[in-house]
Amino acid sequence: MKIAVSAHGDTLAAKTHAQFGRCDYFVIVDAESGVWKALKNHSADIPSGAGTACAQAMFDEGVNVVISGQIGPYAFDALNGGGISMFQAPQGLTVREAVEQFKTGALKRIELKKF
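Each residue of the sequence shown is one higher than the one before, counting from 71 in the working numbering.
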């Protein structure tokens with residue numbers, strides 16, 4: 071299982087980022103082997119569509135789970151439609167801590183609220 075965490079930096083010690091489409095990096099961790107890599111978010115500064123562009127990057131990387139602070143509605147629909155589960159990272163966690171909390175079931179699933 072591949073877990074992608076939106077992050078401020080490119081290591082496991084980086085803090086999680088509050089916004090999926092605007093994060094600096096995605097740190098992608100293989101939950102079984104522990105092998106990880108950082109993927110620069112080249113869509114962070116585009117005026118619109120950053121979230122859906124990032125969702126496509128997650129598909130391209132074979133990600134199964136995304137951990138982030140917030141995920142916009144278009145990115146949510148794209149990820150959800152592609153079978154990628156989304157979980158909320160509490161503010162202040164490192165990537166490593168977020169992955170460990172996911173593994174123990176401590177993270178809350180992100181669900182789109184319809185008004």
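The C-beta atom is built at its ideal place from N, Cα and C for all residues, glycine as well.
This structure is a prediction, so every number in the text was calculated from the model and none was measured.
Nearest to A101 by alpha-carbon distance, out of Y95, V136, H87, C124, is V136. Counting only unbroken stretches of 3 or more residues, the beta strand (DSSP E) elements lying wholly within the stretch 147-172 are 155-158, in sequence order.
Distance from Q171 to Q140 at the Cβ level is roughly 17 Å; contact not present, criterion being Cβ atoms closer than 8 Å. Annotation for F96: the continuous beta strand (DSSP E) segment containing it runs 95-100. In this chain, the alpha helix (DSSP H) harbouring A125 covers 120-130. Take S113, set aside five residues on each side of it, and the residues of its chain with a beta-carbon closer than 7 Å to its own are G91, A120, A123, C124, in chain order.
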